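Asks: This is the structure I want to talk about, given as structure tokens.
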Amino acid sequence: MSETRLSFKEMCAKFDVTPRTLRYYEYIELLAPEREGRSRFYAPRDVARMTLILRGRRFGFQLEEIRQWLLIYEKEGTTAQMEAWIEMANRQLGELHEQQTQIETAMTELRQLRDEVQESLLKEK
């Protein structure tokens, strides 16, 4: 049985997260490790949830959005969760597209300013 569970330290190492992060995810009820005395043990369910949490963070989702999405599975099942995922993904893709547009605009402006300064330097020489 113990080989299917991860200790606190193993969980941190597996996902390359700090103990503080892992404790925080537990505090906001994203994870629910089994407790034996002062020790925490993470079941396969927690490992799967952590994978989803970190993937969601990489895509730019807020932790509360992820928490709500995980709750859908528990309350309404897989189909409802997948439908919610599509909605969340569409919304996040829109936000990422907007960020991309803003970054491209900033890069264009920065290049122009750099080129203008470089040109004025060459005129001085």
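Numbering (my numbering) for the sequence shown: 1 to 125. Backbone N, C-alpha and C fix where the C-beta goes; we use that ideal spot for every residue, glycine too. Everything numeric in this text was worked out from a predicted model, so none of it was measured.
1. Going by other Cβ atoms of all chains shown within 10 Å of its Cβ, with 16 needed for buried, is Q99 buried or exposed?
2. Quick one: is I66 buried, meaning 16 or more other Cβ sit within 10 Å of its Cβ, or exposed?
3. Which residue's Cα is closest to the Cα of F61: E76, A43, E95, D46?
4. E27: buried (16+ other C-beta within 10 angstroms of its C-beta) or exposed?
5. What does the alpha-carbon distance come out to for the pair I53 and K123?
6. CA-CA distance, K75 and D115?
7. DSSP beta-bridge partners for F41?
8. Going straight from the alpha carbon of V47 to that of L30, what length do you get?
Replies: On the basis of the supplied data:
1. As a position in the sequence shown, residue 99 is number 99, starting the count at 1. The residue in question, Q99, is exposed, as its Cβ has fewer than 16 Cβ neighbours within 10 Å.
2. As a first step, residue 66 must be located in the sequence shown, where it is residue number 66. Under this definition I66 is a buried residue.
3. Residue 61 sits at position 61 when you count from the first residue of the sequence shown. When only C-alpha atoms are compared, the closest one is E95.
4. One-based indexing of the sequence shown puts residue 27 at position 27. It should be pointed out that residue 27 corresponds to Tyr in this sequence rather than to Glu. Classification of Y27: exposed, given that the 10 Å Cβ count is below 16.
5. Within the sequence shown, numbered from 1, the residue matching residue 53 stands at position 53. Within the sequence shown, numbered from 1, the residue matching residue 123 stands at position 123. Spanning the two alpha carbons is a distance of roughly 54 angstroms.
6. Translated into the one-based positions of the sequence shown, residue 75 becomes position 75. Translated into the one-based positions of the sequence shown, residue 115 becomes position 115. Using only the alpha carbons, I get a separation of about 57 angstroms.
7. Position 41 of the sequence shown, counting from 1, holds the residue named residue 41. For F41, which the question treats as bridged, DSSP gives the partners S7, E34.
8. Here residue 47 is taken as the residue at index 47 of the sequence shown, counted from 1. Here residue 30 is taken as the residue at index 30 of the sequence shown, counted from 1. Their backbone Cα atoms lie some 11 angstroms apart in a straight line.
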